[in-house]
Every structure is written in C-alpha cells, then in structure tokens.
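Okay, so here's the structure we're looking at.
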Amino acid sequence: MKLLSFKNAIIAKDPPTKEEDPEFSPEDVRYSVVRYVASTTRNAVGPSVTDPRTGEIIESDIIWYHNHLRSYRNRFMIEAGAQNPAARSLNTPEKEIGEMMRMVIAHEVGHALGLPHNMKASAAYPTDSLRSATFTQKYGLTPSIMDYARVNYIAQPEDKGVRYIRMMGPYDLYAINWGYRFLPEANSPQEEKKVLDKWILDKAGDRVYEFGGGYDGVDPQSQRESLGADQVKAGEYGLANLKKVVPNLVEWTAKDGYGYDELAEVYGELTGMWRGYISHVIANVGGVYETRKTSDQQGVIYTPVPQDIQKKAVSFLNKDAFTTPDWLLNQDLLNRIESAGAIERIQSLQTRSLDNLLDKDRLKRMVTNEQVNGGEAYTVVELMNDLRKGIFAELYSSKKVDAYRRNIQRSYVDAATNYVQKLKEEDSEGILKSDIIALMRGEMERLRRDINQRRSNTNDSLTRYHWNDLVARIDASLKTDA
Ligand SMILES: [Zn+2]
384 MKLLSFKNAI IAKDPPTKEE DPEFSPEDVR YSVVRYVAST TRNAVGPSVT DPRTGEIIES
444 DIIWYHNHLR SYRNRFMIEA GAQNPAARSL NTPEKEIGEM MRMVIAHEVG HALGLPHNMK
504 ASAAYPTDSL RSATFTQKYG LTPSIMDYAR VNYIAQPEDK GVRYIRMMGP YDLYAINWGY
564 RFLPEANSPQ EEKKVLDKWI LDKAGDRVYE FGGGYDGVDP QSQRESLGAD QVKAGEYGLA
624 NLKKVVPNLV EWTAKDGYGY DELAEVYGEL TGMWRGYISH VIANVGGVYE TRKTSDQQGV
684 IYTPVPQDIQ KKAVSFLNKD AFTTPDWLLN QDLLNRIESA GAIERIQSLQ TRSLDNLLDK
744 DRLKRMVTNE QVNGGEAYTV VELMNDLRKG IFAELYSSKK VDAYRRNIQR SYVDAATNYV
804 QKLKEEDSEG ILKSDIIALM RGEMERLRRD INQRRSNTND SLTRYHWNDL VARIDASLKT
864 DA
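This is the structure in structure tokens:
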C-alpha cells in the first residue's frame, strides 16, 4: 500500500494588512486564527467547528487569554526555580516564556486537528529519564503534547542540559499519521480500517503509543500534571525542588515600589502544586491500571496496582504529606503575606488529601481487589494499620503532638467516624451495604484502645487533653443508636 502525505498541510501566517485585504476579519468562518485576547482569564482554548455529517473539522480559532502568561510564569518559577536560573524571576526570559506559549498553541492545534487529551502519555517515560539531558532533549517530557505536562519538575539542580518545557513527541506523530494519512489504494472505509487497525496492532504493548483519558482518578498512570511512570519518585523529586524554592521566593518575586501580592500568589500556587504531587501518589492506593485494547489483542484491560506500589505510596504519604511541612511554613515569607492562617491552610491541604485517600469508591475497589486477588492485594485493613501508625506516631512514641498534627489526627477520626455516622442516614451511596462501616468501627475501637493504654505517657497537658478529646469523639460517634 502506498503512503502519501501532504506537504505544508498547515501554514501559519500573520494576518493581512488593511491594504492587502480590507475585508479580512478573524470572525470570518473561512479563516482559522490564533488570537491573543486582552483578558484576565488564565487559560487558552482551541474550539473547532465540525461538519455534523462527516465529523470533518472545518475551522478552529485558538485563543490565548492574556493572563495565561501568569500561569506559566508562576509554574516555571515554582517547578523549575530550584534547577534552572532562568526560572528565578517573574520577568521570565522571552526564550522560555515564548517556548511555553508555542507549546500551548501546539496543544490547542492538536485539539483543532481532533486530538483529545492523553493524560496517560507521560507515564510511558521512566521517571529518572526526565533527569537526563540526552533523553529529554530528544524525547521531551512526555510522548504527547496532548498530556497536561508542562514543566520538568523531576530534574534536579545537579542535572545539566535538561529540557524543561514540554514539546511534541512520538505519540503525536503516530496519532496524526493514523488520522490524516491519505490511503489512495483503499477503496472503502472498511479497507481503510484494516490498514488503520494494523497500525495500532503494530504498536501494541509499547507504552509510548498508549492512550488514557485520565478524568476518573482510577488509573494512577493517567493523571493531569504528573510526569514519569513512578508517582512516588516524582513526588520526592518535586518536593526536593519545592523545598529549595520556598526560601528564595521573597527575593525572586520582589519588585521595588510594590507590595507582596505576587509573593502571596506564587506561594499559594506552590502549595497547590504540592497538593497535586500528593494526589498523584494517592491515586495508586486502590488504583487500577487501564490498558485500552481491542478484542483481537491479548490480555485484559483492567489490572490492579501491585501491592508493593500501593504500600510505598502510603509510606510516602505518612512521611511527606501527613507530617508537619516545616519547609512550607517559612516565617520570613508568611509574615509578609498574612497575619495568620498557615495552620488552617495546611489543615485544609492535609484533610483534603486524607479524605481523598479514604474515599468510599477507593475503599470499595480495595475490598473487591482483596476478594479477587487475596494475598496479592493491599487490603483496607493494612491501609488503616499503616495510616494509624503514621498519623498517630506520637501516641506510639509518647511524644508531644504539635498543632498541625493534632489537626490531621482529628481529621482522621472525623473521616472514620463520619462513615460510622452514615448508619443514621438514608443510604444513597451504597456505603451501608459495603464493608466500610465495619472497617471504620473496628479502626476506631482499635485506636480508642491504643489511646486509652498510652494517653498517660505524655507530660504535655495539651497533648493529653487532645488524646482525651479524641476518645470522647470516638465514644460519641460509635453510639449510633442514640
Ligand atoms: Zn487541552
């Protein structure tokens, strides 16, 4: 079969001058335009008009909203400031901000050509490859520009010559070839499909050419803003960089004659990115990989995340997410942006992460996995055991508990007792008929027993009050018949 292609299929031009074409309008449906719009919106879009009879994309107008520059400026500083001197200013050099804009437009052109997001693409690359100059310069940060993957937060300060900004990759070439290659010898859609199917089978099993939507939060390989195959490793690398950025933020964002608004904005977004790394790790617990296949391909579509990976994820969460993030609580910085509020901010970050981890659907998937795979599964009981040992480490070591940790411990008891309290409610979420309430009741009884045995071991009054309070909360919540 002959393979024909089109030369210069897409040409980008500046708009005509008044003299060249007095009639030209960007609203004219005959022209696909890239527009820069004076707007405070922080986004870019690539909507298109399609022929409903054939699905053919007729035209597309890509819009870059002005304040999207802030998104990329801030993200570049937060995720690359530790490793790349070019990222240490809010006045991002034109070379870098220009490249980031170019790649956003390329992504939107991808939409205009019919490509959906492929959030699985980035997981095709081994995490450590993103630290390699030769690898990243050749293959980019992900096989596809259609992934949400923007800045290389994996690279470390000692890695030289690494690429920091995403670019088009092998998946994009493959997808465009599949969608647009002209097959003159195919006389019918059926004949064409045979060739197209073969192209897919040729690449089967090669992760670079896999696709995943990534919106249901079940497949940890298919997530927005994640990079590399190993989310725990990525979280560790990303966190190591954030820790180096925070002490410099005051200096990097300062502008003579202006206040600290920019500092507050960047710091707030940095906290959000930290929460993002945590949630990438959480997706592994009770996670299920999805490998899309047609019925003529070998093997199944859905497989649970291996036990050891789930266990590693929880130990990362205990070590890095549910401990007090002293690195984030930089007083020199905080005292310039707020009179108070750090405790609540961290509490909200940690509580949301914990609620996400103890989400009912995640727990139900774990119960199913245990039923099907037995000893090979990471079980809900193991999860609660591992979490209790981590979140209540001070109880088991008879240490004083700080304000942040008291908060996360209360959040843990709240999350568990809220499930038990569901007994009083109409069941619309299938919780009453699941194992979750039994699990949480058992966990609260176990925790109460451990606190009762150990609460007198501390000399710190507030810590002792805190243990007493938790026991009272557990007592009240277990009386569901009252
Ligand atoms: Zn998009």
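For what it's worth, this note's numbering labels the leading residue of the sequence shown as 384, then goes sequentially.
Think of the CB as a built atom: it goes at the ideal place given N, C-alpha and C, for glycine as much as any other residue.
All of these numbers come straight from a predicted model, not from anything done at the bench.
Asked: Which term fits residue 604, buried or exposed, when burial requires 16 or more other beta carbons within 10 angstroms of its beta carbon?; Found: buried
Asked: Helix, strand or coil for residue 673? Go by DSSP, reduced to three states.; Found: strand
Asked: Below 8 Å between beta carbons: does that hold for residue 461 and residue 656?; Found: yes
Asked: Secondary structure at residue 845, three-state DSSP: helix, strand or coil?; Found: helix
Asked: Given 7 Å as the limit, tell me if residue 663 has its C-beta closer than that to any heavy atom belonging to ligand 1.; Found: no
Asked: Please confirm whether residue 474 and residue 554 have their CB atoms less than 8 Å apart.; Found: no
Asked: Return yes when at least one heavy atom of ligand 1 lies under 7 Å from the C-beta of residue 451, else no.; Found: no
Asked: Just to confirm the assignment, what range does the alpha helix (DSSP H) spanning residue 794 have?; Found: 786-804
Asked: Is it right to say residue 788 is buried, meaning 16 or more other beta carbons lie within 10 angstroms of its own, or is it exposed?; Found: buried
Asked: Helix, strand or coil for residue 427, going by three-state DSSP, please let me know.; Found: strand
Asked: Return the CA-CA distance between residue 697 and residue 480, expressed in angstroms with no decimal places.; Found: 37 Å
Asked: Excluding the 5 residues flanking residue 591 on each side, which residues of the same chain have their C-beta closer than 7 Å to its C-beta?; Found: 507, 526, 553 and 554
Asked: For residue 858 and residue 694, what's the separation of their Cα atoms in angstroms?; Found: 30 Å
Asked: Given this structure, state the Cα-to-Cα distance separating residue 852 from residue 679, to the nearest angstrom.; Found: 59 Å
Asked: Please name the residue, chosen from 424, 768 and 790, that lies closest to residue 846 on a Cα-to-Cα basis.; Found: 790
Asked: Between 780, 794, 744 and 562, which lies nearest to residue 389 when the distance is taken from Cα to Cα?; Found: 562
Asked: Does the region 613-620 come within contact of the region 580-596, defined as at least 3 CB pairs closer than 8 Å?; Found: no
Asked: Which same chain residues end up closer than 8 Å to residue 753 when comparing Cβ atoms and leaving out the 5 residues on each side of it in sequence?; Found: 760, 762 and 763
Asked: Specify, as a first and last residue, the run of the beta strand (DSSP E) that residue 448 falls within.; Found: 445-448
Asked: What did DSSP end up calling residue 439 once you bin it into helix, strand or coil?; Found: coil
Asked: Using the C-alpha atoms, what's the distance from residue 612 back to residue 600?; Found: 16 Å
Asked: Can you tell me whether residue 677 is buried or exposed, with buried defined as 16 or more other CB within 10 angstroms of its CB?; Found: exposed
Asked: Cα separation between residue 700 and residue 623?; Found: 15 Å
Asked: Roughly how many angstroms separate the alpha carbons of residue 412 and residue 392, rounded to a whole number?; Found: 19 Å
Asked: If you draw a straight line from the alpha carbon of residue 543 to that of residue 626, how long is it in whole angstroms?; Found: 20 Å
Asked: Using a 10 Å radius around the Cβ and a threshold of 16 neighbouring Cβ atoms, would you call residue 784 buried or exposed?; Found: buried
Asked: Taking contact to mean 3 or more Cβ pairs, one atom from each stretch, closer than 8 Å, check whether the region 625-640 and the region 681-695 are in contact.; Found: no
Asked: For residue 766, which of 515, 467 and 795 has the nearest alpha-carbon?; Found: 795
Asked: From this set, 401, 395 and 420, which residue's C-alpha is nearest residue 414's C-alpha?; Found: 395
Asked: May I ask you to report which of helix, strand or coil DSSP gives residue 814?; Found: coil
Asked: Output yes or no for whether 8 Å exceeds the beta carbon distance between residue 854 and residue 827.; Found: no
Asked: Identify whether residue 565 lies in helix, strand or coil by the three-state DSSP scheme.; Found: strand
Asked: Taking its Cβ as the centre, do 16 or more other Cβ atoms sit within 10 Å of residue 466, making it buried, or is it exposed?; Found: buried
Asked: Should residue 569 and residue 606 be called a contact, given that it needs their Cβ atoms to be closer than 8 Å?; Found: no
Asked: Near residue 513, which residues of its chain fall below 7 Å by C-beta distance, leaving aside the five closest residues on each side in sequence?; Found: 519, 524, 535, 537, 538, 610 and 611
Asked: At what residues does the alpha helix (DSSP H) containing residue 517 begin and finish?; Found: 516-522
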